[in-house]
Every structure is written in structure tokens, then in C-alpha cells.
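Position 112 of the sequence shown, counting from 1, maps to 261 under the numbering used here, and the rest follow consecutively.
For glycine and all other residues, C-beta sits at the position ideal for the given N, C-alpha and C.
The next block holds one structure in the form of C-alpha cells; read it before the comments.
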Amino acid sequence: MNLVVGVDRACSPLGLAALDYAGVWGLRVLPLLVGGDVPHFRSVSRGVLDASSDPDTVRSWWRNAPKANVGVACAASGLVVLDIDSCARAIRTMARLVEALGPLPQTWTAWTPGGSAQHFYRWEGPYRELREGLGLGVSIVHWSYVVAPPSCDSAHRRYSWRYRPGNVPLSPLPASWQERLSLSKHGRPRALHRVLRTLAHVGGAS
150 MNLVVGVDRA CSPLGLAALD YAGVWGLRVL PLLVGGDVPH FRSVSRGVLD
200 ASSDPDTVRS WWRNAPKANV GVACAASGLV VLDIDSCARA IRTMARLVEA
250 LGPLPQTWTA WTPGGSAQHF YRWEGPYREL REGLGLGVSI VHWSYVVAPP
300 SCDSAHRRYS WRYRPGNVPL SPLPASWQER LSLSKHGRPR ALHRVLRTLA
350 HVGGAS
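Spelled out as C-alpha cells, the structure:
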């Protein structure tokens, strides 16, 4: 059951989706430019660092920019996203990874307008520097954000859910995959300390 849509008829469909992600699932969201993947800097001057799960904040963003796309901040929401292209090389990469690391559980999965599949996983490991990819056609999103359904691209093609929140659980990324994603096994890279402190401050304020 959608708990947010029924209580806020004033928001646009994109705003309602953002409220749902924030209010029901506790994700930190941010508005993006209409038809794009760049933060709506009039609303979020610091980009992904201003992402929030506060319903009043989210509601005000989309009332001011009702057609803004919806971004989901990954690390701040405790997520890591595997973005898998639809090309043959990505299929071969995933086959090798599954053979080496084991299968991935079913989880929230979205289609991008370009045909890539974005698999959302709960990140349960320590905050470390992660690889940007796992091979040809497979990229990782953690310290940044992803564009979420029902956003659209500049050609008005929609992002859509294959396995949507509420229909399947948000699964944790298996430990073997977490280990493969991590660049550092011990401690936090020094470059991440400032980012982590900022995220902690934002988390306490939102």
C-alpha cells in the first residue's frame, strides 16, 4: 500500500514518487533537471549532499519544480546499485562474476530508457572506496545517485520498475560481492573522511 500518495494530492506524479521513496522506504532523494540527470541546483545547491528523506523538504522541492526528475542518493540511503548494460559484453562479464562470486538475490530492479538494468542492493559493509565498475558493461553507483522511476530522459522515455519496492524485498549485497567491490580492505581512505562527516551532518539535519 502506498502510504504517501493518499495523503498529498497537491504533488505531481514525480513528486509523489519522490515522497514515496522518502516517506515509505526511507531513501534520500533529490530533484534533478527536467528530462536530465543533473541536480536541480536551485533546490539543492550542493547536489547529492543535499538529498533528504524529510517529507516536508521533498514536498517543497517538487511543488517548486513539479516536473523535476527524481534522484536517489545511494550511499546516504544505504544502497549500492549495479548498473548492467544490455549488451553481450555485459552478459559475459556478469556470467564470469556469478561464477566467481556466487549468484545475486532478487532485489529492486529498474530499467533505464537506454535498456540498462539497475539492481538496487542494501550495502551492509563498512564505508569504503568502491570500484567504479566490475568489468565491461557493469558499473557501480554508491557515492553518487541514480535517476529513479518514473523520471524520463530528454526524449521523454521513462525509467520504469521491473521489480518495484513493495513487490520484492531490498536484498543485501552478498559479502563476496561487497569484498570484490571494495578497493580498500582496511579502514577508510582518507579522501572519504570529509564526505562521511558531511553525510553524517546532513543525516542529523534531515
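Contact between R280 and P321 does not hold, since the beta-carbon distance rounds to 18 angstroms and is not under 8 angstroms. By the 16-neighbour rule on beta-carbons within 10 angstroms, R238 is exposed.
Counting every other CB atom within 10 Å of its CB across the protein chains shown gives A167 a total of 16 or more, marking it as buried.
When the beta-carbon positions are compared, V295 and G227 stay at least 8 angstroms from each other. Excluding residues up to 5 positions away in sequence, Q255, T256, W257 and T258 lie with their Cβ nearer than 8 angstroms to the Cβ of Y312 in the same chain. The C-alpha of L285 is placed about 9 angstroms away from the C-alpha of C236.
Bounds of the alpha helix (DSSP H) holding W326 are A324 to L330. Look at L181 here: in three-state DSSP terms it is strand. Under the three-state reduction of DSSP, G220 is assigned to strand. Under the DSSP assignment, L165 falls outside any beta strand (DSSP E), being part of the alpha helix (DSSP H) whose first and last residues are P162 to G172. The beta-bridge partner set that DSSP reports for G284 consists of V287. Of all C-beta pairs linking the stretch 245 to 252 to the stretch 206 to 225, fewer than three are shorter than 8 angstroms, placing the two stretches out of contact. Scanning its chain for C-beta atoms nearer than 8 angstroms, with the 5 sequence neighbours on each side dropped, one finds around P215 the residues C160, S161, L163 and G164, in chain order.
According to DSSP, residue pairing for H268 in a beta bridge involves L231 and T258. Residue T261 holds the alpha-carbon nearest to the alpha-carbon of S303 among T261, F269 and P318. A244 sits exposed, since fewer than 16 C-beta atoms from the chains shown fall within 10 Å of its C-beta. Of Q327, A266, D199 and R329, the smallest CA-CA separation from P298 is found for A266. In the structure shown, P321 adopts extended strand secondary structure according to DSSP, grouped into three states.
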